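Heads up, the sequence shown is in full-length UniProt numbering, so the first residue is 1 and it goes up one at a time.
From the three backbone atoms N, C-alpha and C, an ideal C-beta is built for every residue, glycine too.
A quick note: this is a predicted structure, and the numbers were derived from the prediction, not measured.
Notes follow once the structure below has been shown.
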Amino acid sequence: MAPVPWHRPPEGTIKLDVDGSFEQNTTNGGTGGILRDHLGNWISGFSCKIKVVNARHAEILALLHGLSLAKSLNINRLHVETDSQILINNIKSDTRIYSHIYDDCRSLLNQLEVTSEHIMREANSVADLLAIYGRKSKDPIWDLGNP
């Protein structure tokens, strides 16, 4: 399988890639995300161990963690990418499942200038690896800052 290239956001916009990871038959989950500028330079990232009930729960928490990190870094123009089409659809609708988490995400989205899109899993490999690392980690959360 050929690698999927990373696509730059417009200049002045920061790209946030997020992903969630869930281990079937347990409550072990992880979130991961990365913030990069239009040149692909690392701004910050996160990897977090969480307790979740399913993959959808992990995905929405990954978005919440990513938006919270962007807000804490005073990033105002954001392009969000995720490999979860359900997450993209639910953030734009009035869903009852995890509504309190979606409401928190919507509150942050209303404070930022945000575009979002669904991408293929292969294009989200860094966030995916960070989410898997978070799920398997003994540490509860990592703010990865600038390497």
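Please identify the residue among the options whose C-alpha is closest to the C-alpha of residue i.
i, options, result
"residue 112", "6, 137, 14 and 57", "14"
"residue 83", "139, 9 and 131", "131"
"residue 41", "12, 114 and 107", "12"
"residue 34", "17, 128 and 54", "17"
"residue 79", "107, 120, 94 and 37", "37"
"residue 121", "46, 93, 85 and 94", "85"
"residue 103", "115, 87, 125 and 117", "87"
"residue 110", "137, 25, 4 and 76", "76"
"residue 70", "89, 108, 97 and 53", "108"
"residue 150", "53, 100 and 8", "No answer is possible for residue 150: the residues shown for the chain start at 1 and end at 147."
Just to confirm my understanding: we take residue i, look at its own chain, exclude 5 residues before and 5 after, and list those with CB closer than 8 Å. What are they?
i, result
"residue 105", "60, 63, 64, 67 and 91"
Leaving out five residues before and five after residue i in sequence, what residues of the same chain have Cβ atoms less than 7 Å from its Cβ?
i, result
"residue 135", "21, 23, 28, 29, 30 and 49"
Would you call the CB atoms of residue i and residue j closer than 7 Å?
i, j, result
"residue 127", "residue 19", "yes"
"residue 119", "residue 81", "yes"
"residue 72", "residue 142", "no"
So the alpha helix (DSSP H) residue i belongs to, where does it begin and stop?
i, result
"residue 148", "No statement about residue 148 is possible, as the shown extent of the chain runs from 1 to 147 and does not include it."
Determine the extent of the beta strand (DSSP E) in which residue i is found, giving its start and end residues.
i, result
"residue 18", "14-22"
Residue ranges of each beta strand (DSSP E) within the region 37-118, 3 or longer: 42-51, 77-82 and 113-118
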